[in-house]
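If you're matching them up, the sequences are chains A and B in order. Each number in the numbering used here corresponds to the 1-based position in the first sequence with 5 added. Each number in the numbering used here corresponds to the 1-based position in the second sequence with 4 added. Positions of the beta carbon are idealized from the N, C-alpha and C atoms, including for glycine.
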Amino acid sequence: MTEHAEAAVVLADGAVFRGIALGAAADTWGEVVFNTSMTGYQEMLTDPSYAGQILVLTYPLIGNYGIDPPIDESRQIQVRGLIVRSECDSPSHPRGGMRLHDYLASAGIPGVAGVDTRAITRRIRHEGVMMGMIVPADQVDAARHRLADLPAYDSQDFIDVGVEQPYSWSDGRPQALTNGAAEAGPHIVVLDEGLKYNILRNLRSRGCRVTAMPPSSGVEDILALNPQGVLLSPGPGDPQLRKFQVKTATSLIGKLPIMGICMGHQVLGRAFGADTFKLKFGHRGGNHPVLEVPTGRVAITAQNHGYAVDPDGLAPDVEVTHINLHDQTVEGLASRSEPVFSIQYHAEASPGPLDNGHLFDRFLDLVAEVQGA
Amino acid sequence: MDAVNVKTPESVLIIGSGPIVIGQAAEFDYAGTQACKAMAEEGVRSILVNSNPATIMTDEGVADAVYIEPLTVPVLRRIIEKERPESLLPTLGGQVGLNLAVELQDAGVLDEFNVRVLGTQLDGIRRAEDRQLFREAMREIGEPTPPSAIANSMEEAREAIAEIGLPVAIRPAYTLGGTGGGFVRTMEEFERVVQTGLDASPISQVLVERSLLGWKEVEYEVMRDAADTCITICNMENLDPMGVHTGDSIVVAPSQTLSDKDYHMLRSASLNIIRSLGIEGGCNVQLALAPRQDVVAWPAESVRDGGGVGVPHDEPLPYYVIEVNPRVSRSSALASKATGYPIARVAAKIAAGKRLDEIPNQVTGRTQAAFEPALDYCVVKIPRWPFDKFEAGDRVLGTQMKATGEVMAIDRTFEAALQKAIRSLEFGGRTVLWEDAEVEHEPMLGAETPTDIRLWHLLAAVRADIPLDEIAQRSGVDPWFLERLQTLVHMERRLLAEPLSPDLMRQAKRMGFADEQIANLAGSVDERIREQRLSWGIAPVYKMVDTCAAEFDAVTPYFYSTYEDENEAVPEQGNRALVVGSGPIRIGQGIEFDYASVKAAQALRAAGWGAVMANSNPETVSTDFDTSDRLYFEPLDEEAVRDILQNEDSGLNGNGGPQGEVASILQFGGQTAINLAGPLTTAARPILGSSAEVIDLAEDRRRFERFLADLGIPQPPGTAVNSVDEAVLAADAIGYPVLVRPSYVLGGRAMEIVQGVGDLARYVTQAQAAAPGKPILIDKYLAGIEVEVDAICGGPGDDAVLIPGVMEHIERAGVHSGDSMAVYPAPNLRAGEVATLIEYTRQIGNGLGVTGLMNIQYVIMREADDVDGDVFVLEVNPRASRTVPFLSKVTGVPMVEVAVRAMLGESLSEQGFSSGLWPPTPLVAVKAPVFSMSKLSGVDTHLGPEMKSTGEVMGVDIDYDKALNKALIAAGMAVPPRGRALLSIADQDKPGAMALIRELGEAGYELHATVGTASLIRGLGYEAHEAPKREVGGDPDVIDLIRSGQIDMVINTPEQISSNIRDGFHIRRAAAEQRIPCFTSIDTAHHAVGAMLEGGADYNIAPLPDYTAGRV
């Protein structure tokens, strides 16, 4: 075991938590958020919705089963930094040989281990999410000064997190776009604002032809591909800054079946006339109960979002179909008149419970209905 | 799926789980108590039946009607007929409660009285419990069970193996204990073992089953409501791979080596299963997951295609469904305590018709029960096995559970939680540093075989620098766990080699090293280490178990210690006291002490004090977070308790104002708590109740002898000796028989009654070889009437001594009081004897200066039946005894509450009690011990000075015979009204057995007997069938006779002559395994037969208050 350098977490409110450096020997800054999932650190690290954020994992033992690169949820690690109570330097799993430390280091992502993550979590819960830094232990004072000058998370658009070039999904990985018109199955365009690959895996395993498009794609670009449905993907940042995507969504409603997930849901909510607002400390974890209003059943969901849709301004033909049982926020919307629905949580899981894959079936049923009509 | 049974019933029958036996312990008191409370909240009238008086659930105010009656179909039928419950909740009383519900339905009782089943329906229960139905149900939903096939020939076996694949287990049909079968990895082995198996099977048939030996064992606790909302509460991973009963496995929560894909694959499987079985309430699902290929090879072909969401890059890992428990279980109690989520309570509410989203989460106070707990700590459970008591027991662990109890520990790393759990086992010096003496020769041997001490063998193997992958491969333990052990071994080496620095100390504490271990390694003493670390500011903080990983504000006052920054257990204001619990359930320290601890917390709260509870046992009511104002889940040793007290004083980290010295209450937590009196007094901590001085006076043999002599109260004569010569002289002076025991062992261990000089010499020689230089205690053995008295003494300045009741033992002195049958009120005592007992008890209580509870065991020796006998004191325990719940219930005196109020300064008269014997209630109650002998192979079942029972039942009625008969029925010891009795009676007991033989003969029992006893029977004029002893080589011999099921009852007393000891042992083992009554004391047998013949079968059934009030 090598002795690691000391590092510290410095929060915008001045709190300091000391530990040992993990991953890359660098400093970092971002919005500090926590996730309560007990498994799935690799999926979380590579979830593009964490762009611009430093992730605190509340489960204390991280890295136990190693890293298995093929299960990455995007092309790279997306978090700005990682904060854990304890990192396992000797993982054990039939499939995960790589150590978390090496994975972070090779991607240039710093982290810190050995800190009282519960204390940080409680601070965030009481005071709300805030900016923070991970720095070498001797740079705490400098970090306090730098924190004052850093741009607020909400002011940043993370549009570059999405892809620049369209791509398709087959054989379990992204592929350069080819003329796949010969392929069977409905053609779904996914507006990639920072999606997890498991959305594409889910569509693909249900027999879809999948084309992911950059977030800057306009209505014409999308319609030019002649898709049978559009999925608006998750992504990082404040949905207020996604004016272009809201406009795109507004134009698509009525033309094609649409499913929105997370940011895609917020974009649809805004397209339906609602406002969005920032939650005090977000919903991030794999255990959030969501009431499915039509069935009365409760779904356990994977969540990762810092903003929510305010139902007050919703167009009259849009109903709230899902409600978070913890804080009664909107978790799902559906249009009564158009084949459009959205969910705030992650039907694709990864990490998280696999209970909500049926929502992809519901989307494809809508696609089939529209095709059949 | 249609919602069924959603209407809230008007009333419900809840069946408890009966006595504590191995495999069914205090967890069902916890579950049943929660269920009753939940039903009360829903406005449902609850009718509770349990035969175990040492339970909180049978206490006043928990259920609306409480029956302490035997758990049999006829008894339950009578209760149902009388109470007419609208519904029955079958899933909260363990396997006993579940089986009875099924039997009641099969007997037509539920239909006859129109009782509907709440929660999971009985057909769902059957599908879960019946192996064949379960396999079919799993096949229907595509969940894999281990493939198996029946083969009647080698050809069929070869066809089967082609399907199933190696490795497999071969099990021959109809052979005892699987003789002739085995585990095979290669085709050569396969051919050989199948042939042996076919030959061994009387019908030439073998079962070929895929072997999962070495696979990871994982459990999920799941819940479903009538609206089909399904959630998992907790998953758990066993450190021991498949092959060891989960109750005997070291378990960690949540799983540590499962990836997100593995975790959710198994979670989804668990939810599929409870949907398909129609579970409404809680359920436990056990699964086997393929381990690392380098640990145990598993077949390359996948057993299940990974359709649906979350398909990983490759095939998912293979897994199998092993079994489900369609009810609240030991695992669900553990999961409740591990997560803070009250599974039994929520299951009861679901049964009463609530949906998960309609049930509030008490922990957060604002969210609902419809969510999955998130843990931000690691939980380790270690079973507590009885092999310290049963040295002859077979310690190898397998599919039969052997542990009597368990401990749980919580911390932020596995290493620290494991070390705390080990401390919680209360094995004295057996920390992780302990090594078995045999380890030095072959460390891997012990690591390969699962036993109660395998963990220490694994540590020894790591310490011996055997490569971890080799240890993993040979033990089947995942390398992740071995790496954690290696971390501990590295720290041991650092502590041995490096000078202690604040940094090293802090790192060691964060890994869970106790001050004592650090002192051992660093060559210091505990107290120095403690002072040192506190001076460096190294003290634990306390974090909350809140179900949500701090995502929400929580209101549960449930804490564990860890060495980090923020302390969440900020001291509270006002008067409060710490109740130290009794730790894991073990033989000699059972659920009775948890009962007392719970009552103590309730009494403190009723008196306006804050109750702080400390305990390490996850099965109990005391560790329910709403039993106390604040719960610390911690080991019950000096270090942990002092840390808790210091935190309660002022906050160890200074984040709370000084609140004064918080006192401890130690007299309710058995020996565990009382042992802390000395250390806490030395540390200048205040104690409420009897002081350390009182305890020392009662426990120190010399001081206690002088004390009694000063009072003029007699004790059986005795002395301490140091050699065989001294022993023989002493015994001659005292007179045989004598009771001998080593001075260094507590609680009746290694105690023997010796009849003559030969056995005395053998005993002393052996004891001195075991512990050279330690004296041996020799006392006169008085075979008189044994009597037990519990008393409550007023505090300083209050000399009142209240005796709630006097209990008389059926067995003569010499049988451990915990294994004796006790009768209240004492039926055979003369008024003068009772007066002496009261007077002695008062003098001892006042003389010792006891405050609160005290238990005294007396023996009464009579010269003649019409003259008062002499009363001798055998033992005084200045603490709550095992009989407190029994006596509290039958006398109506709230003994623990009175004791606690006395400690707080309220005199007994202020409480409305006076000195002396409380007037007996108009009932007779018999407390009978219950043993778990069928589960512990190699252990002799005969009663003696060493305690062997695991639990107790109570029979209560209006006369002795009825009460005794009911107690025997409840204990599974009822004498059949007719049938075949086997008698094998030792020579020294033959005179005493004659009356019994006459009774049996007159009643028309068919008597079988070994040779000597047979001649006695014939001599008395009755027919006797002689059963040859095994050593004589008869066919069938006496053992065969018992095993063939032709005997209904055994009466066998152990021989004093060593040559005959083994035969008796085999007779008693055979009876235990056959589960037929086996009496090893003539006294017990005589009374039992008497009760049956004297109208005991004509017993009453009534709620307990009806007996105490004389309304029956």
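| task | Measure the alpha-carbon distance for L701(B) versus Q847(B) and round it to whole angstroms. | result | Your numbering for residue 701(B) matches position 697 in the second sequence. Your numbering for residue 847(B) matches position 843 in the second sequence. Straight-line Cα distance between these residues: approximately 14 Å.
| said: What would DSSP say about S15(B), mapped onto helix, strand or coil? | reply: Position 11 of the second sequence, counting from 1, holds the residue named residue 15(B). S15(B): strand per DSSP, three-state reduction.
| With 7 Å set as the bound, which would you pick, yes or no: does the beta-carbon of M5(B) sit closer than that to a beta-carbon of chain A? | If you number the second sequence from 1, residue 5(B) lands on position 1. The pLDDT assigned to M5(B) is 39, lower than 50, so where the model puts this residue is not dependable; a value taken from the coordinates is nonetheless given after this. Answer no: the Cβ-Cβ gap between M5(B) and chain A never drops below 7 Å.
| Closest by C-alpha distance to V943(B), when choosing among G955(B), T631(B), D870(B), G397(B) | The residue you call residue 943(B) lines up with position 939 of the second sequence. The shortest C-alpha separation from V943(B) is found at G397(B).
| field | Three-state secondary structure assigned by DSSP to W34(A) | value | On the first sequence, residue 34(A) is found 29 positions in, with the first residue counted as 1. The answer is strand: DSSP assigns W34(A) an E or B state.
| task | Leaving aside the five residues before and after S274(B) along the sequence, list all residues of the same chain whose C-beta is less than 7 Å from its C-beta, in chain order. | result | Numbered from 1 along the second sequence, position 270 holds the residue referred to as residue 274(B). Result list for S274(B): Y224, V226, T236, V289, in chain order.
| Where C267(A) falls: helix, strand or coil (DSSP) | One-based indexing of the first sequence puts residue 267(A) at position 262. The answer is coil: DSSP assigns C267(A) none of H, G, I, E or B.
| query | At what residue ranges does the region 118–172 of chain B contain a whole run of the beta strand (DSSP E), taking only runs of 3 or more? | reply | 152–155
| Beta-carbon contacts of R209(A) that lie in its chain and below 6 Å, excluding the five residues immediately before and after | Against the first sequence, residue 209(A) aligns to sequence position 204. Answer for R209(A): W174, V215, listed in chain order.
| said: Does chain A have any CB closer than 7 Å to the CB of T551(B)? | reply: Reading the second sequence from its first residue, position 547 is the one you call residue 551(B). So no, T551(B) is outside the interface.
| P258(B): contacting residues in chain A (beta-carbon distance under 9 Å) | Within the second sequence, numbered from 1, the residue matching residue 258(B) stands at position 254. In chain order: M43, T44, Y64.
| message | For S821(B) and V332(B), I'd like the C-alpha separation in whole angstroms. | response | Numbered from 1 along the second sequence, position 817 holds the residue referred to as residue 821(B). Numbered from 1 along the second sequence, position 328 holds the residue referred to as residue 332(B). Taking the straight line joining both Cα atoms gives about 33 Å.
| query | Among the residues of its own chain, which have a CB less than 6 Å from the CB of P933(B), if the five just before and after it don't count? | reply | The sequence position of residue 933(B) within the second sequence is 929, counting from 1. D823, S953, E956.
| Extent of the continuous alpha helix (DSSP H) run through I1080(B) | As a working mapping, residue 1080(B) is identified with position 1076 in the second sequence. Here I1080(B) belongs to no alpha helix (DSSP H), and DSSP marks it neither H nor E.
| task | Measure the alpha-carbon distance for G788(B) versus A696(B) and round it to whole angstroms. | result | By 1-based counting over the second sequence, the position of residue 788(B) is 784. By 1-based counting over the second sequence, the position of residue 696(B) is 692. Distance between the alpha carbons of G788(B) and A696(B): 32 Å.
| query | Counting pairs of Cβ atoms below 8 Å between the region 204–213 of chain B and the region 146–153 of chain B, do you hit three or more? | reply | yes
| message | Within a Cβ cutoff of 8 Å, which residues of the same chain sit near I83(B), ignoring the five residues on either side of it in sequence? | response | By 1-based counting over the second sequence, the position of residue 83(B) is 79. Excluding positions up to five away in sequence, the list reads L17, I51, V53, Y71, E73, I1105.
| said: Once DSSP output is grouped into helix, strand and coil, what is the label at E191(B)? | reply: If you number the second sequence from 1, residue 191(B) lands on position 187. Inspection of the sequence shows that residue 191(B) is occupied by Met rather than by Glu. It is helical.
| message | Runs of 4 residues minimum, wholly inside the region 520–557 of chain B: which ones carry the alpha helix (DSSP H) assignment? | response | 530–539
| task | Could you check which residue in G673(B), M755(B), A476(B) has the C-alpha nearest to that of V819(B)? | result | Residue 819(B) sits at position 815 when you count from the first residue of the second sequence. Nearest C-alpha to V819(B): M755(B).
| Where the beta strand (DSSP E) containing W174(A) begins and where it ends | Residue numbering aside, residue 174(A) sits at position 169 when the first sequence is read from its first letter. Here the beta strand (DSSP E) through W174(A) covers 172–175.
| Of all the residues that make up the region 264–297 of chain B, which are near chain A by a beta-carbon distance shorter than 9 Å? | D264, K265, D266, Y267, H268, M269, R271, S272, L275, A294, P295, R296, Q297
| query | Looking only at its own chain, which residues have a Cβ that is under 7 Å from the Cβ of T723(B), when we skip the five neighbours before and after it? | reply | Stepping through the second sequence from its first residue, residue 723(B) is reached at position 719. Here the set comprises A734, I782.
| V1116(B) to P1040(B), Cα distance in whole Å? | As a working note, residue 1116(B) is residue 1112 in the second sequence. As a working note, residue 1040(B) is residue 1036 in the second sequence. Approximately 49 Å between the Cα atoms of the pair.
| By Cβ distance, which residues of its chain are closer than 8 Å to S919(B), with the 5 residues on each side in sequence left out? | One-based indexing of the second sequence puts residue 919(B) at position 915. For S919(B), where only same-chain residues beyond five positions count, the Cβ hits under 8 Å are D803, A804, V805, L806, R846, L912.
| query | Would you say F375(B) faces chain A, with C-beta separation under 7 Å as the test? | reply | Taking the second sequence and counting its residues from 1, the one referred to as residue 375(B) is at position 371. Chain A contact via Cβ: present.
| Sequence-distant residues of its chain with Cβ nearer than 8 Å to V325(A) (five each side left out) | Here residue 325(A) corresponds to residue number 320 of the first sequence, with the count starting at 1. Hits under 8 Å: V298, P316, L319, V335, G337, L338.
| Across which residues does DSSP place Y323(B) in a beta bridge pair? | Along the second sequence, read from residue 1 onward, the residue named residue 323(B) stands at position 319. According to DSSP, Y323(B) bridges with L293(B).
| Contacts that I235(B) makes with chain A (C-beta to C-beta distance below 7 Å) | For this step, residue 235(B) is matched to residue 231 along the second sequence. I305, listed in chain order.
| message | Quick check on the DSSP output: the alpha helix (DSSP H) that includes K513(B) runs from which residue to which? | response | What you label residue 513(B) is simply residue 509 of the second sequence in a count that begins at 1. Per DSSP, K513(B) belongs to the alpha helix (DSSP H) from 506–514.
| How long is the line joining the alpha carbons of L582(B) and P241(A), rounded to whole angstroms? | Translated into the one-based positions of the second sequence, residue 582(B) becomes position 578. Translated into the one-based positions of the first sequence, residue 241(A) becomes position 236. Their backbone Cα atoms lie some 50 Å apart in a straight line.
| field | Same chain, Cβ closer than 6 Å to E87(B), neighbours up to 5 away in sequence not counted | value | For this step, residue 87(B) is matched to residue 83 along the second sequence. Only I51 meet the Cβ criterion.
| query | So what does DSSP say about V120(A), is it helix, strand or coil? | reply | The residue labelled residue 120(A) in the question sits at position 115 within the first sequence. Coil at V120(A), not helix or strand.
| query | For Q271(A), which of S238(A), L261(A), I88(A) has the nearest alpha-carbon? | reply | If you number the first sequence from 1, residue 271(A) lands on position 266. Measuring from the Cα of Q271(A), the nearest candidate turns out to be S238(A).
| said: By the DSSP assignment, the beta strand (DSSP E) with C234(B) in it spans what residues? | reply: Residue numbering aside, residue 234(B) sits at position 230 when the second sequence is read from its first letter. Counting along the chain, the beta strand (DSSP E) containing C234(B) begins and ends at 234–242.
| Between R308(B) and chain A, is there a C-beta pair that is closer than 7 Å? | Residue mapping note: residue 308(B) aligns to position 304 of the second sequence, counting from 1. Note on R308(B): pLDDT 30, under 50, position unreliable in the model; the coordinate value appears next. No, because no Cβ of chain A sits closer than 7 Å to the Cβ of R308(B).
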